[in-house]
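In my numbering, the protein residues as written are 24 to 737. For glycine and all other residues, C-beta sits at the position ideal for the given N, C-alpha and C. Some notes on the structure that comes next.
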């Protein structure tokens, strides 16, 4: 690492635990701690700091400095390098007790900097369990040498060997008896991974040699940077101490950092369940690319499916990027970007966005159906959306050859010829009304770029969020926007959250080769494991694709946070449900504006709003790019609208039979295959809704209970 620090100026690094403990102090104490750190960097021997070694503690690198008469900062000193690691801050006795058993070491196998507790004895039995010496250990089949290779410190082997059940592993992490980076490999072993699978996941780039005294080099490792942020000089220190809480809390997991940083030799695809930080990784990738662009390289396009998500991404990029970097990043949902581009080329068409207008055009086109063909209008709409548009079918001859894999109704060639006039008529009606569907606009933009390369926008890279919501035409356009090469495309998504009726995309068939450049994030940082398990159970039995022709899996998907199992209750009426929502907010000390009541339809949201407001509860409906929620107002939204958002408390409301899943959507399918696809999308909506919860989730309903929750009800 190139510190670029001034002579005689110490280098300071901060652990995530330091910031966590700092935020628990009063504002005045926080200010005093910040001043002490800045003074320490300039003159660690200043008498007001009382910089002292704590010789009776586990690690002789542990030191303390004084922030005021009672508050102490605990740090580790690598004095040969003039480097100091700020670890913890609290009142005197609490701070010293925390530091007493801590060790700060460079792991000799992984090269990462680790902070952990060394106890006198092995792990105590998990709460509520009885000690059973004969019970097999979780890791009996794994050798000590293998545990060490995965990053387990030698001092923690006894703790790992004493683990018998999953709760023991969680207890050791909570008590900091094992480092965070060692936990990841142990979890994978416990969940059924082989040693080789766990090794490849958590130690993808083991150093050839490790100097356990070189803390400067250790801090460059992704595992260390997941725990520490470094202030290399006085200016950097001031920036760290002055920046917002949001920036303090951005410590990327090693897997996230490896994806976000560095040169990539082509398109990258990142999968991950809800809450695993896919969007965070994409934003940090944008930041890294923007910081490494040269003059004349062009801009970055950061695109996603909806306007709301694009607005959220822009706000978050504002928090982590400099103004110089922000100027190089354009954030726009794909529809808006395409229409802006086409309008500049004299495009006279608008997008067909009105569902009533769309139905009117289809009713006219449907009149072309031969009387001998017994197919409803829903079939033609689905055939158009899932066969004709994705494959750019423009003639009857092309339609005769088009693949219909995954369609539930069989058609021979003659039948295809007979029904083609319906599609031809629909396309003519669109054109005569100067309308295009989004797939048409994507195709038109791509063909314009391919036929007139001088029209190609000046883009250095494209970053795609929520990739599962985009179809083949979108990805063929994205491929055309930037030349194939290093750092060109970065694509994140999760097929479990496909809620907009899009066909499964095979990136390879769209000209996007991700071979050898794909990854899967596994840790949910948002939701408790109890809520995650309920959300995942709704998707049980649903096959989910990996955006490139394979199957995705949630085998190792987990959360490190725990809380109550989501409460599932059903009532006789809407009024009783509304009373229960307000009671749950009060009894759980939830702040209304940090909660959201989510329902399947807009009509149900309107009825919930009326029931809550009749009880003097201020409400704020999330629609479009809603303004900030007023104080004491309870958020309300549809399941589609909460995509990309998160709240302390989530109420999945009106989970009634007929609404969850929505009968109209499922029952209007033209055949059994499409019906199953639509039911899967309804399940994905529930999965998305539940995983918006940071702390607590509730499933309430009235009347007849949705069969999806009958097994959870009290």
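Tell me where the alpha helix (DSSP H) around residue 418 begins and ends. Looking at the DSSP string, residue 418 is not in any alpha helix (DSSP H), and its letter there is neither H nor E.
Cβ pair residue 95, residue 119 closer than 8 Å: Contact flag set, yes.
Buried or exposed by the 16-neighbour rule on C-beta atoms within 10 Å, applied to residue 428: Counting C-beta atoms within 10 angstroms of its own C-beta, residue 428 has fewer than 16 neighbours from the protein chains shown and is therefore classed as exposed.
With DSSP as the reference, please indicate the residues paired to residue 353 in a beta bridge. Partner(s): 324.
Contact check, residue 528 vs residue 326, beta carbons under 8 Å: In this structure, the beta-carbon distance from residue 528 to residue 326 does not fall below 8 Å.
State the Cα-Cα distance for the pair residue 543 and residue 710, rounded to the nearest angstrom. Roughly 18 Å between the two C-alpha positions.
Measuring alpha carbon to alpha carbon, tell me which residue in 458, 179, 694, 439 is nearest residue 376. Closest by alpha carbon: 458.
Determine the DSSP secondary structure at residue 639, reduced to helix, strand or coil. Three-state DSSP puts residue 639 in coil, outside helix and strand.
Is the segment 596 to 615 in contact with the segment 672 to 684, if contact means three or more CB pairs nearer than 8 Å? Flag = yes, the segment 596 to 615 and the segment 672 to 684 touch.
Does the Cβ of residue 690 have 16 or more other Cβ atoms within 10 Å, making it buried, or fewer, making it exposed? By the neighbour-count criterion, in which a residue is buried when 16 or more other Cβ atoms sit within 10 angstroms of its Cβ, residue 690 is exposed.
Checking 8 Å against the spacing of the C-beta atoms, do residue 734 and residue 679 come in under that value? It is not a contact, given that the beta carbons lie outside the stated cut-off.
May I ask you to verify whether the segment 468 to 483 touches the segment 432 to 445, counting CB pairs closer than 8 Å and requiring at least 3? Taking 8 Å as the limit for Cβ pairs, the verdict is that the segment 432 to 445 does not touch the segment 468 to 483.
Taking 8 Å as the limit between beta carbons, can you name the residues of its chain near residue 566, skipping five residues before and five after? Listed in chain order, the non-local C-beta contacts of residue 566 below 8 Å within the same chain comprise 574, local neighbours out to five positions each way being set aside.
Give me whichever residues DSSP pairs with residue 661 in a beta bridge. Residue 661 pairs with 622.
With DSSP as the reference, please indicate the residues paired to residue 571 in a beta bridge. Bridge partners of residue 571: 529.
Same chain, Cβ closer than 6 Å to residue 297, neighbours up to 5 away in sequence not counted: So the qualifying residues of the chain are 714.
How would you write the range of the beta strand (DSSP E) that residue 137 sits in, first residue to last? Note, residue 137: beta strand (DSSP E), 136 to 140.
First and last residue of the beta strand (DSSP E) that includes residue 396? DSSP places residue 396 in no beta strand (DSSP E); its state is neither H nor E.
Among 467, 102, 43, the one whose alpha carbon lies nearest that of residue 68: Of the listed residues, the one whose Cα sits closest to residue 68 is 102.
Just list the alpha helix (DSSP H) runs in the segment 79 to 113, keeping only unbroken ones of 4 residues or longer that don't cross its boundaries, in chain order. Qualifying alpha helix (DSSP H) stretches: none in this window.
State buried or exposed for residue 687, treating a residue as buried only when at least 16 other CB atoms are found within 10 Å of its CB. The Cβ neighbour count for residue 687, taken over all protein chains shown within 10 Å, is under 16; the residue is labelled exposed.
At 4 residues or longer, and completely inside the segment 227 to 257: list those alpha helix (DSSP H) runs for me, N to C. Fully enclosed alpha helix (DSSP H) runs of 4 or longer: 238 to 241, 245 to 248.
Go to residue 593, then tell me how far its beta strand (DSSP E) extends in each direction, as first and last residue. Where residue 593 is concerned, the enclosing beta strand (DSSP E) stretches over 590 to 594.
With DSSP as the reference, identify every bridge partner of residue 75, one or two as the case may be. Listed as beta-bridge partners of residue 75 by DSSP are 87.
Indicate the three-state DSSP secondary structure (helix, strand or coil) for residue 655 in the structure shown. Residue state for residue 655 is assigned as coil, using DSSP reduced to three classes.
Would you list the residues sitting across from residue 129 in a DSSP beta bridge? According to DSSP, residue 129 bridges with 136.
When the Cα atoms are used, what is the spatial distance from residue 581 to residue 628? So the alpha carbons of these two residues sit roughly 31 Å apart.
For the structure I just gave you, are there three or more beta carbon pairs, one from the segment 483 to 497 and one from the segment 272 to 284, closer than 8 Å? Look at the beta carbons and you see the segment 483 to 497 not touching the segment 272 to 284: under three pairs across the two are nearer than 8 Å.
Just the C-alpha distance for residue 220 and residue 576, rounded to the nearest angstrom, thanks. Between residue 220 and residue 576, the C-alpha separation is close to 15 Å.
Suppose the cutoff is 6 Å on Cβ atoms and the five residues either side in sequence are ignored; what does the same chain contact list for residue 541 look like? Apart from the 5 residues on each side of it in sequence, residue 541 sits with its Cβ closer than 6 Å to the Cβ of 292 in its chain, given in chain order.
DSSP puts residue 728 in a beta bridge; with which residues? Residue 728 pairs with 679.
So, residue 365 versus residue 229, is the Cβ gap smaller than 8 Å? Cβ distance not < 8 Å, so residue 365 and residue 229 don't count as in contact.
Could you tell me the alpha carbon to alpha carbon distance between residue 85 and residue 197, rounded to whole angstroms? Computed Cα separation, rounded: 21 Å.
Straight-line CA distance for residue 46 to residue 53? Those two C-alpha atoms are separated by around 7 Å.
Would you kindly report the start and end of the unbroken beta strand (DSSP E) that includes residue 542? Residues 541 to 544.
Quick check: what's the CA-CA separation for residue 662 versus residue 571? When rounded, the distance between both Cα atoms is 27 Å.
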